[in-house]
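Novice: Let me begin by handing over the structure; questions about it come next.
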Amino acid sequence: MIGTKPVAVNQNNITTKNIALISENSLHLYNHLLRLYYSPVAALNHTFALSKVHGKAVALAEAEKLNLAGNPYYHTLLGELYRDADRDKAPEHFRLALAVAGNGADGQAIRLTIETL
Numbered sequence: 000m001i002g003t004k005p006v007a008v009n010q011n012n013i014t015t016k017n018i019a020l021i022s023e024n025s026l027h028l029y030n031h032l033l034r035l036y037y038s039p040v041a042a043l044n045h046t047f048a049l050s051k052v053h054g055k056a057v058a059l060a061e062a063e064k065l066n067l068a069g070n071p072y073y074h075t076l077l078g079e080l081y082r083d084a085d086r087d088k089a090p091e092h093f094r095l096a097l098a099v100a101g102n103g104a105d106g107q108a109i110r111l112t113i114e115t116l
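Using numbering that gives the first Met the number 0, the letters of the sequence shown map in sequence onto residues 0 to 116.
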C-alpha cells in the first residue's frame with residue numbers, strides 16, 4: 000500500500016512549477032498503480048496525467064491504444080485531447096461519449112461541453 004499524508008493547499012501558493020510537480024507525481028503514481036493493478040479508469044487517469052506532463056500529442060497516441068470504445072470517459076478524454084488539435088474529432092468523440100453515457104449526470108455534463116465547443 001502506498002502511504003499518503005494529507006496536504007493543505009493554499010491557493011495563493013499554487014504556481015506553474017507546483018502544478019507541473021503535482022502532474023509529474025500523479026503520473027508516477029498512476030504508473031505504479033497500473034503495474035500493480037490494471038483498470039480502465041486508472042489507465043484513463045494515467046493518460047490524462049500524461050497529457051499534463053508530456054503534452055496532448057503524446058497522450059493521444061497512448062489513449063488511442065486503450066481502445067475503450069464502450070466507455071464514455073474514454074471518449075470524453077479523447078474529446079478533450081483533440082479539442083485544440085482537431086476541431087472535427089473533438090465534437091465527434093464528445094457525441095460518442097454522450098451516446099454511451101445516456102441522459103444521467105454524465106450525459107448532462109457532456110452536453111454542456113458540446114455546447115461550449
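Where is the CB? At the ideal position from N, CA and C, for every residue including glycine.
With a Cβ-Cβ cutoff of 9 Å, do VAL57 and SER22 count as a contact?
Specialist: no
Novice: Starting from the Cα of LEU76, find the closest Cα among THR112, HIS27, GLY103 and give me that residue.
Specialist: The alpha carbon of LEU76 has as its nearest neighbour, out of THR112, HIS27, GLY103, the alpha carbon of THR112.
Novice: Would you say ALA84 touches the ligand FMN, meaning its beta carbon is less than 8 Å from a heavy atom?
Specialist: Of ligands this structure carries none, so the ligand FMN is not represented either.
Novice: Taking the beta carbon of ALA48 as the centre, do at least 16 other beta carbons fall within 10 Å, making it buried, or is it exposed?
Specialist: buried
Novice: Thinking C-beta only, is HIS45 closer than 9 Å to LEU59?
Specialist: no
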